[in-house]
């Protein structure tokens, strides 16, 4: 099928296929050789597979060198490639060095003592490396070869001058100490570092680690995504230090993952969301959620997204945030989901308009007193603003409550009076 001229398959998933053997791998490799449409290949989850040997893996990796290979995303997570042979992973890296299309490489959960980090380090330092994203989450748990400070320092030095690498995932690598993380954070300050997305969730980070990250961000950051979720040892005070740094020095931030939000942190997040108009995904994870968001967070985020105390406060609410938590972990109340949907499906100005109408001009008795003190030259803009709704209820109520807007005779007379005053003034000065 892959070799058929009519094949338009872009994604091939063979995840958790424990029955794959060398023969199947060879057939797959021949299909990859002549296919020009496949862009994503998922071979993850075969950790228990014992029938696939180095011969089968090398046959697949060899096709990555082919000029016809168009694979953009390669997922080899939870596999046995490092168990089979000490040279198999370097063989993969060698193949990738001759490949110009693979941008996203997943090597999660390759847990054993034979894993060759040095091969990855050398590849990332090579001019032939085209990777934009690499994931090494949940690795190096064996005490004899854990992903420790020495290894993360070597890794940090490798990516410090890699301007192509935009995304780095190191989720759940808990053998690294604050000193090791500090070494990694220093690279964020370098102009040559191109990292825009960093995932270091579930790593037992401490206050010292988070404050070190805040310091690094304060000295320069290109970060658009930062995930620190499930680091439950961090205090509210340290989280607040980080949010202050993000507010002042990370204006491009679009996604932030944190955990254990208390009242002090809510205030800091409110300030962050007031300043940052690009932050769309704020994933707040509570240590003990039981599938529900605490009521204090519901109240706080409702006010952040839609402060109905006045029209001006509604207008100045946040109209950008589209996510507040991982929907697979917790459930948000209906009204919060509605506000997030308004933000997601509309521009900021349109979202503000919808919220203002719903909060201040809905129901049978529509109050238009707010327009009474406007100058007449502002009314056309107000009418245009109201006329953008799907119904004309608000526009009709406005015109009915202010007949002077439609009183053409009065306007003509007023205009004539103005013209007479201008003429008289000119006559006096002449």
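In the numbering used here, the protein residues as written are 17 to 446. Even for Gly, the Cβ is constructed at its ideal location relative to N, Cα and C.
_Just to confirm before moving on: does the CB-CB distance between residue 273 and residue 249 stay below 7 Å?_
Position 257 of the chain shown holds residue 273. Position 233 of the chain shown holds residue 249. In this structure, residue 249 does not lie closer than 7 Å to residue 273 by Cβ.
*Between residue 286 and residue 277, what straight-line distance do the alpha-carbon atoms span, to the nearest angstrom?*
Along the chain shown, one-based indexing puts residue 286 at 270. Along the chain shown, one-based indexing puts residue 277 at 261. Their Cα atoms are separated by approximately 12 Å.
*Jot down the residue ranges of each uninterrupted beta strand (DSSP E) in the segment 195-242, minimum 3 residues, whole runs only, in chain order.*
When DSSP assignments are scanned along the segment 195-242, the uninterrupted stretches of beta strand (DSSP E) that are 3 or more residues long and fall wholly within it turn out to be 213-215.
_Whole angstroms are fine: how far does the CA of residue 271 sit from the CA of residue 130?_
Looking up residue 130 in the chain shown gives position 114. Looking up residue 271 in the chain shown gives position 255. Note that residue 130 scores 48 on pLDDT, short of 50, meaning its location in the model is unreliable; the coordinates nonetheless yield the value given after this. So the two alpha carbons sit approximately 35 Å from each other.
_I need the boundaries of the alpha helix (DSSP H) containing residue 113, first residue and last residue._
In the chain shown, residue 113 corresponds to position 97, counting from 1. From DSSP, the alpha helix (DSSP H) with residue 113 extends over 104-113.
*Given 8 Å as the limit, is there contact between the segment 201-208 and the segment 139-148, that is, 3 or more CB pairs closer than that?*
no
_Given residue 256 as reference, the closest of 238, 67 and 279 once Cα atoms are compared_ = The count along the chain shown starts at 1 and reaches residue 256 at position 240. Answer by Cα proximity: 279.
*With a threshold of 16 other CB atoms inside 10 Å of the CB of residue 337, please say whether the residue is buried or exposed.*
In the chain shown, residue 337 corresponds to position 321, counting from 1. Buried, because 16 or more other Cβ atoms sit within 10 Å of the Cβ of residue 337.
_Helix, strand or coil at residue 371 [DSSP, three-state]_ = In the chain shown, counting from the first residue as 1, residue 371 sits at position 355. Of the three classes helix, strand and coil, the one that applies to residue 371 here is helix, per DSSP.
*asked:* So, at 7 Å on beta carbons, what are the nonlocal neighbours of residue 26 in its own chain, with the 5 sequence-adjacent residues on each side left out?
replied: Sequence index remark: in the chain shown, residue 26 carries index 10 (1-based). Within the same chain, residue 26 has close Cβ partners 53, 54, 55 and 56.
*Touch check for the segment 37-47 and the segment 102-113: three-plus C-beta pairs under 8 Å?*
no
*Report yes if the CB atom of residue 153 is closer than 7 Å to the CB atom of residue 178, and no otherwise.*
In the chain shown, counting from the first residue as 1, residue 153 sits at position 137. In the chain shown, counting from the first residue as 1, residue 178 sits at position 162. Cβ distance not < 7 Å, so residue 153 and residue 178 don't count as in contact.
*residue 332 by DSSP, collapsed to three states: which one?*
If you number the chain shown from 1, residue 332 lands on position 316. Here residue 332 sits in coil by DSSP.
*What number of angstroms, rounded off, separates the C-alpha of residue 197 from the C-alpha of residue 394?*
For the purposes of this step, residue 197 is taken as the residue at position 181 of the chain shown. For the purposes of this step, residue 394 is taken as the residue at position 378 of the chain shown. In a straight line, the C-alpha of residue 197 is about 56 Å away from that of residue 394.
*Nearest CA to the CA of residue 284: which residue from 296, 297 and 252?*
Position 268 of the chain shown, counted from the start, is the residue given in the question as residue 284. The shortest C-alpha separation from residue 284 is found at 252.
*Rounded to whole angstroms, what's the CA-CA distance from residue 181 to residue 230? Just pull it up for me.*
Your numbering for residue 181 matches position 165 in the chain shown. Your numbering for residue 230 matches position 214 in the chain shown. Each residue's alpha carbon lies about 21 Å from the other.
*Go ahead and pull the three-state DSSP assignment for residue 93.*
Position 77 of the chain shown, counting from 1, holds the residue named residue 93. Three-state result, residue 93: coil.
*asked:* For residue 320 and residue 353, what's the separation of their Cα atoms in angstroms?
replied: Sequence index remark: in the chain shown, residue 320 carries index 304 (1-based). Sequence index remark: in the chain shown, residue 353 carries index 337 (1-based). So the two alpha carbons sit approximately 13 Å from each other.
*Around the Cβ of residue 309, are there at least 16 other Cβ atoms within 10 angstroms (buried) or fewer (exposed)?*
Along the chain shown, read from residue 1 onward, the residue named residue 309 stands at position 293. Counting Cβ neighbours within 10 Å, residue 309 comes out buried, since at least 16 surround it.
*For residue 81 versus residue 114, is the C-beta distance shorter than 7 Å?*
Position 65 of the chain shown, counted from the start, is the residue given in the question as residue 81. Position 98 of the chain shown, counted from the start, is the residue given in the question as residue 114. A contact, by the Cβ cut-off of 7 Å.
*Between residue 77 and residue 30, is the Cβ-Cβ spacing less than 7 Å?*
Here residue 77 corresponds to residue number 61 of the chain shown, with the count starting at 1. Here residue 30 corresponds to residue number 14 of the chain shown, with the count starting at 1. Their beta carbons are not under 7 Å apart, which means residue 77 does not touch residue 30 by this criterion.
_Whole angstroms are fine: how far does the CA of residue 316 sit from the CA of residue 340?_
The residue you call residue 340 lines up with position 324 of the chain shown. The residue you call residue 316 lines up with position 300 of the chain shown. The alpha-carbon atoms of residue 340 and residue 316 are separated by roughly 12 Å.
*Tell me, to the nearest whole angstrom, how far the beta carbon of residue 48 is from that of residue 85; I am working on the premise that it is less than 8 Å.*
Reading the chain shown from its first residue, position 32 is the one you call residue 48. Reading the chain shown from its first residue, position 69 is the one you call residue 85. Between residue 85 and residue 48 the Cβ distance is about 7 Å, and since that is below 8 Å, they are a contact.
*Near residue 215, which residues of its chain fall below 6 Å by C-beta distance, leaving aside the five closest residues on each side in sequence?*
In the chain shown, the residue the question calls residue 215 occupies position 199. Only 185, 187 and 243 meet the Cβ criterion.
*Identify which residue in 376, 318, 377 and 326 has its Cα closest to the Cα of residue 350.*
As a first step, residue 350 is located in the chain shown; it is residue number 334 there, counting from the start. Considering only alpha carbons, the answer is 318.
*Taking buried to mean at least 16 other C-beta atoms within 10 Å of its own C-beta, is residue 369 buried or exposed?*
Looking up residue 369 in the chain shown gives position 353. Under this definition residue 369 is a buried residue.
*Simplified DSSP state of residue 292, which is helix, strand or coil*: Reading the chain shown from its first residue, position 276 is the one you call residue 292. If DSSP states are grouped into helix, strand and coil, residue 292 belongs with coil.
_Nearest candidate by alpha-carbon position, reference residue 247, set 208, 301 and 183_ = On the chain shown, residue 247 is found 231 positions in, with the first residue counted as 1. If we check each option's Cα against that of residue 247, 301 comes out closest.
_From 228, 195 and 295, residue whose alpha carbon lies closest to that of residue 241_ = Looking up residue 241 in the chain shown gives position 225. Nearest C-alpha to residue 241: 295.
_Using DSSP's beta-bridge definition, name the partner residues of residue 185._
As a working note, residue 185 is residue 169 in the chain shown. DSSP output for residue 185 lists 151 and 215 as bridge partner(s).
*Within its chain, find whatever has a CB closer than 7 Å to the CB of residue 232; leave out the 5 residues flanking it on each side and keep chain order.*
For the purposes of this step, residue 232 is identified with residue 216 of the chain shown, where counting begins at 1. Same-chain partners within the cutoff: 201, 202, 204 and 205.
_Close beta carbons around residue 138, own chain, < 7 Å, minus the five adjacent residues each side_ = One-based indexing of the chain shown puts residue 138 at position 122. If you ignore the 5 residues before and after residue 138, its C-beta comes within less than 7 Å of no other C-beta in its own chain.
*Terminal residues of the continuous beta strand (DSSP E) containing residue 29?*
Counting from 1 along the chain shown, the entry for residue 29 is found at position 13. Residues 27-29.
_Buried/exposed call for residue 329, threshold 16 Cβ in 10 Å_ = Stepping through the chain shown from its first residue, residue 329 is reached at position 313. Exposed: under 16 other Cβ atoms inside 10 Å.
*Please confirm whether residue 364 and residue 335 have their CB atoms less than 7 Å apart.*
Stepping through the chain shown from its first residue, residue 364 is reached at position 348. Stepping through the chain shown from its first residue, residue 335 is reached at position 319. Yes.
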